[in-house]
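S.K.:
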Amino acid sequence: MVLPAQLQNNLTPSEVNFLAENELVTILPRYTMQKMQLIGTKVPALRAMRRESVPLWVALILKSQDKCSIIPPKWLNVAYLKDKYDEEVRKPNQFSALPWNWLEISKMLLARASDDLSDPSHLLRSVLQDLREIRLVKSRKGLKELNESNIVLNGLSLLEINELRPFVLTVMNKLRQLHDTSNAQDIADQDEYEDGGYDDDDDDDI
Amino acid sequence: MSNYYDLDDILADGEKVPCRFNMTVPGLGYLEGNPGKQINKDSKLELPFWLAKVLAVCDLQEESGNSFIDIASPEAINLKVLNAIKTSSKSVDLHKLLPNYYKLIERWCSMYSDPEITTIVMQMLKERSFEINNYASNPNMGVNNDFIYSLDEYEKKLYKLTTESNKQMRSWLRD
Chain W
1228 MVLPAQLQNN
1238 LTPSEVNFLA
1248 ENELVTILPR
1258 YTMQKMQLIG
1268 TKVPALRAMR
1278 RESVPLWVAL
1288 ILKSQDKCSI
1298 IPPKWLNVAY
1308 LKDKYDEEVR
1318 KPNQFSALPW
1328 NWLEISKMLL
1338 ARASDDLSDP
1348 SHLLRSVLQD
1358 LREIRLVKSR
1368 KGLKELNESN
1378 IVLNGLSLLE
1388 INELRPFVLT
1398 VMNKLRQLHD
1408 TSNAQDIADQ
1418 DEYEDGGYDD
1428 DDDDDI
Chain G
27 MSNYYDLDDI
37 LADGEKVPCR
47 FNMTVPGLGY
57 LEGNPGKQIN
67 KDSKLELPFW
77 LAKVLAVCDL
87 QEESGNSFID
97 IASPEAINLK
107 VLNAIKTSSK
117 SVDLHKLLPN
127 YYKLIERWCS
137 MYSDPEITTI
147 VMQMLKERSF
157 EINNYASNPN
167 MGVNNDFIYS
177 LDEYEKKLYK
187 LTTESNKQMR
197 SWLRD
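As you go down the protein sequences, you meet chains W and G in turn. Here the first sequence stands for residues 1228 to 1433, where the numbers follow the working numbering. Here the second sequence stands for residues 27 to 201, where the numbers follow the working numbering.
(1) What is the residue span of the beta strand (DSSP E) that G/I103 lies within?
(2) Return the chain-ordered ranges of every alpha helix (DSSP H) run that is complete within the stretch 124-189 of chain G and spans a minimum of 4 residues.
(3) Under 7 Å, Cβ to Cβ, is there at least one residue of chain G near W/E1331?
(4) Tell me, please, whether the CB atom of W/V1398 is closer than 7 Å to any CB atom in chain G?
(5) Going by the beta-carbon positions, is the gap between W/G1382 and W/F1322 smaller than 7 Å?
(6) I'd like the list of long-range same chain contacts for G/I131, defined as Cβ closer than 6 Å, with 5 residues on each side in sequence excluded.
(7) Apply the 10 Å Cβ neighbour rule to W/L1254 and answer buried if 16 or more other Cβ atoms are within range, or exposed otherwise.
(8) Am I right that W/L1344 and W/L1303 are in contact with their C-beta atoms under 8 Å? What's the rounded C-beta distance?
(9) Please report whether the beta-carbon of W/Q1235 lies at a distance below 7 Å from any beta-carbon of chain G.
(10) Just the Cα atoms here: how many angstroms apart are W/T1259 and W/N1377?
(11) What does G/K182 reach in chain W if we use C-beta pairs closer than 7 Å?
(12) Given that W/K1371 touches chain G, what residues does it touch there, using C-beta distances under 9 Å?
(13) Among G/I95, G/V83, G/K42, which has the Cα closest to the Cα of G/D68?
(14) What number of angstroms, rounded off, separates the C-alpha of W/V1398 from the C-alpha of G/L151?
(15) Comparing the C-beta of G/E72 with each C-beta of chain W, is any distance below 7 Å?
(16) Please report how far the alpha carbon of G/D34 lies from the alpha carbon of W/T1408, in whole angstroms.
(17) What's the C-alpha gap between W/R1180 and G/S136?
(18) Taking the alpha helix (DSSP H) that W/I1298 belongs to, which residues open and close that run?
(19) To test your reading of the DSSP string, which unbroken beta strand (DSSP E) runs of 3 or more residues are found completely within the stretch 1282-1348 of chain W?
(20) Whole angstroms is fine: what's the gap from G/E203's alpha carbon to W/I1332's?
(21) Run the CB neighbour count on W/K1262, radius 10 Å, all protein chains shown included, and call it buried at 16 or more, exposed below.
(22) On the criterion of 16 or more Cβ atoms from any shown chain inside 10 Å, does W/K1334 qualify as buried, or is it exposed?
(23) Following the continuous beta strand (DSSP E) through W/K1371, name the residue where it begins and the one where it ends.
(24) Find the nearest neighbour of G/C114 within the set G/F173, G/L81, G/D32, G/D85, judged by alpha-carbon distance.
(25) Does G/E8 have its Cβ less than 7 Å from a Cβ in chain W?
(26) If we ignore side chains and look at the alpha-carbon of each, how far apart do W/P1240 and G/Q194 end up?
(27) What would DSSP say about G/D208, mapped onto helix, strand or coil?
(28) Is the stretch 117-130 of chain G close to the stretch 55-72 of chain G, with three or more CB pairs under 8 Å?
(29) May I have the straight-line CA-CA distance separating W/D1428 from G/P141, to the nearest angstrom?
(30) Have a look at W/R1277 and W/P1256 and give me their C-alpha separation to the nearest angstrom.
(31) Please list the partners that W/E1314 has in chain G, where partner means a Cβ-to-Cβ separation under 8 Å.
(32) Span of the alpha helix (DSSP H) holding W/L1246?
(33) Please list the terminal residues of the continuous beta strand (DSSP E) segment that includes G/K70.
(34) So is W/P1393 in contact with chain G if we call contact Cβ pairs under 7 Å?
(35) Do you know whose CA, among W/L1337, W/C1295, W/I1298, lies nearest W/L1351's CA?
(36) My understanding is that W/V1395 touches W/L1373, with C-beta atoms under 8 Å, so please give their C-beta distance in whole angstroms.
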């Protein structure tokens, strides 16, 4: 294949970021525009000072031309995120529920629409950084529990899963291969004795 | 399990294992360094794994249960090494032991099912991969450290993949 090996099985962070740009956000337009029918999506007709939801990439373009202001999502404020951070501290064995794209969206909004956010951006940045770090430490710790059959990723966002994926996949594949070697022999032995009886329990530790 | 185009697979197949011949074979003396002579019954020598595997599985005569050669366990899985792995998996120099350690274990265990070895090696993989992840996520830790040099080929690949992914993530967060 032409694609470099590291791009074949995994998305890069910028690709994940690109996907997140399709998320809908609410904007407050400052001018009127007719609706647009695009191939993948529809941009509704905009009327000045009437709230409308549009894909994030449209919102960012309009924002950069000063034609709208973005209403920040309800989770992007210091109080809410602080709450989530406390939840992370309280429950050391699980991840708190954050939006699937929280890293990407918060980064884009902080970089390009920081004047629309309800809290000063340096405070937001620091609480986001805290959240990211505590979750990173947790997921690292969770890697101790890797096994050949399953992994629980409840509460992790796409970007965080994406970051772990190359490591987890490689290790789990190897574990599975090693595990299968002793299983394959069991099955072969059983076949010999039971004349093809196939009621083995090779899923005993799932 | 093996991939025809994978160089590491080929190298793992070429790894030598100690064998003992169960019969005298004429003309095979060159394996021991005596070209043109026969190879005697009970002579011991090291054969590449791909050759030993076939010879050890083929029966000498039908129903005899004897094969051309017996394979002794290679150095990499003798008791001493396994004990070393059990006590501290992170300080074992896998690369020195066998550059394709996991591959050989896989092949060995699928031939002679040995749940004990599999369990030990899986445990080792879990511990070592955790350590590899630590090294990969901290760029300053890998410098001048023996652990990185003791990785086998598979672990090196894992280290590279993980470092790469962490690097991408860091550079995305920065810009």
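By construction, the Cβ of each residue, glycine as well, lies at the ideal position given by its N, Cα and C atoms.
M.R.: From the atom records:
(1) Following the DSSP letters along the chain, one finds G/I103 in no beta strand (DSSP E), marked with neither H nor E.
(2) Here the runs fully enclosed are 127-137, 141-163, 172-175.
(3) No, W/E1331 does not count as interfacial toward chain G.
(4) Yes, its Cβ sits closer than 7 Å to a Cβ of chain G.
(5) Result yes, Cβ atoms of W/G1382 and W/F1322 sit closer than 7 Å.
(6) Taken in chain order, the residues that qualify are V147.
(7) Reading off the sequence shown, one finds Ile at residue 1254 of chain W, where the question assumed Leu. With a 10 Å radius around the Cβ and a threshold of 16 neighbouring Cβ atoms, W/I1254 comes out buried.
(8) Confirmed, Cβ separation roughly 7 Å.
(9) No, W/Q1235 lies away from the interface with chain G (no Cβ there is under 7 Å from its Cβ).
(10) A straight-line Cα-Cα distance of about 52 Å links W/T1259 and W/N1377.
(11) Per Cβ cutoff of 7 Å: no residues; G/K182 is ~11 Å from chain W at best.
(12) Per Cβ cutoff of 9 Å: K152, E153, F156.
(13) Per the Cα distances, G/I95.
(14) In a straight line, the C-alpha of W/V1398 is about 8 Å away from that of G/L151.
(15) Under the Cβ distance rule, G/E72 does not count among the residues neighbouring chain W, no pair being separated by less than 7 Å.
(16) Roughly 19 Å separates the two Cα atoms.
(17) Chain W is shown only over 1228 to 1433; residue 1180 of chain W falls outside these bounds and no answer can be derived.
(18) For W/I1298, no alpha helix (DSSP H) encloses it; the enclosing beta strand (DSSP E) starts and ends at 1295-1298.
(19) DSSP assignment within the stretch 1282-1348 of chain W yields the following whole beta strand (DSSP E) runs of 3 residues or more, N-terminal first: 1295-1298.
(20) In the structure as shown, chain G starts at 27 and stops at 201, and residue 203 of chain G therefore has no counterpart that could be examined.
(21) When all chains shown are included, W/K1262 counts as exposed.
(22) Burial is judged here by how many other beta carbons sit within 10 angstroms of a residue's own beta carbon; W/K1334 has at least 16 and is buried.
(23) Unbroken run through W/K1371: none, as it is neither H nor E.
(24) Note on residue identity: the sequence assigns Ser, not Cys, to residue 114 of chain G. The residue with the shortest Cα to Cα distance from G/S114 is G/F173.
(25) Since the first residue of chain G shown is 27 and the last is 201, residue 8 of chain G is not available in this structure.
(26) Between W/P1240 and G/Q194, the C-alpha separation is close to 7 Å.
(27) Past the boundaries of the shown model lies residue 208 of chain G; chain G is included only from 27 to 201, so the question cannot be answered.
(28) The way I'd put it, the stretch 117-130 of chain G doesn't touch the stretch 55-72 of chain G; fewer than three beta-carbon pairs between them come closer than 8 Å.
(29) For W/D1428, the predicted model reports a pLDDT of 40, less than 50, meaning its position is unreliable; a value from the coordinates is still stated below. Answer to the nearest angstrom: the Cα atoms are 15 Å apart.
(30) Their Cα atoms are separated by approximately 7 Å.
(31) Within chain G, no C-beta atom comes less than 8 Å from the C-beta of W/E1314; the nearest is roughly 23 Å away.
(32) Note, W/L1246: alpha helix (DSSP H), 1240-1247.
(33) 70-74 is the extent of the beta strand (DSSP E) around G/K70.
(34) Proximity of W/P1393 to chain G, defined by a Cβ-Cβ separation below 7 Å, is satisfied.
(35) In terms of CA proximity to W/L1351, W/L1337 leads the group W/L1337, W/C1295, W/I1298.
(36) Between W/L1373 and W/V1395 the Cβ distance is about 7 Å, and since that is below 8 Å, they are a contact.
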